[in-house]
Amino acid sequence: MSINYNKLVPVCYAIANANGVDLGVGDSMMQNNIRLGRDEHKGAMVLPRAFRPDWAKLHEENPDLAAVNGKFNAYIRKRMALMVQLKPLWNEGDYQGMIDLMEATADPGPISQTAREEWEKEQNGGEDSEGEEDGGEADA
0 MSINYNKLVP
10 VCYAIANANG
20 VDLGVGDSMM
30 QNNIRLGRDE
40 HKGAMVLPRA
50 FRPDWAKLHE
60 ENPDLAAVNG
70 KFNAYIRKRM
80 ALMVQLKPLW
90 NEGDYQGMID
100 LMEATADPGP
110 ISQTAREEWE
120 KEQNGGEDSE
130 GEEDGGEADA
């Protein structure tokens with residue numbers, strides 16, 4: 000089974016706030032809780048019950064987090080791109096709104112050139128984007 004990281008965005012914010020760290024560290028702590036299958040890094044249990052993760056279940060369903068690393072990276076890119084919109088939702092306690100915003104937003108894709116090219120090729124079904132092939136220019 001795969002992790003829907005969009006549903007965990009309030010968890011990241013809760014862990015980051017409880018531990019006095021930035022959201023990137025909060026993401027790492029959240030991922031570590033999944034890896035360990037327990038509430039190692041506190042904070043998520045202050046959320047309403049419907050938004051609290053079951054760490055043991057997430058771990059059991061995803062024993063190899065490397066298999067979902069692409070989804071985790073896409074989640075991070077979306078969370079970073081939506082930071083300005085997510086913060087007021089967090090401040091208002093609109094956790095479902097945070098999830099809905101994440102779910103409605105497409106992955107903006109990697110920013111490094113090589114990773115971006117590979118990602119775009121994957122998005123285009125294995126085809127090079129804009130008619131480029133082997134780094135050459137497309138015919139006009």
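Under the numbering used here, the very last position in the sequence shown is 139; numbers go up by exactly one each time. For glycine and all other residues, C-beta sits at the position ideal for the given N, C-alpha and C.
Check: From Pro-107, Ala-105, Met-97, Glu-121, pick the residue whose C-alpha is nearest to that of Val-8; which is it?; Outcome: Met-97
Check: Whose C-alpha, out of Lys-86, Glu-59, Arg-37, is nearest the C-alpha of Arg-51?; Outcome: Arg-37
Check: Do Gly-42 and Asn-68 have their beta-carbon atoms positioned less than 8 angstroms apart in this structure?; Outcome: no
Check: I'd like the span of the alpha helix (DSSP H) that includes Met-44, first residue to last.; Outcome: Met-44 -> no alpha helix (DSSP H), and no H or E assigned at all.
Check: Which two residues bound the contiguous alpha helix (DSSP H) that contains Ala-105?; Outcome: That residue, Ala-105, is in no alpha helix (DSSP H); it is neither H nor E in DSSP.
Check: Exposed or buried, Gly-25, counting other C-beta atoms within 10 Å across all chains shown (16 or more means buried)?; Outcome: buried
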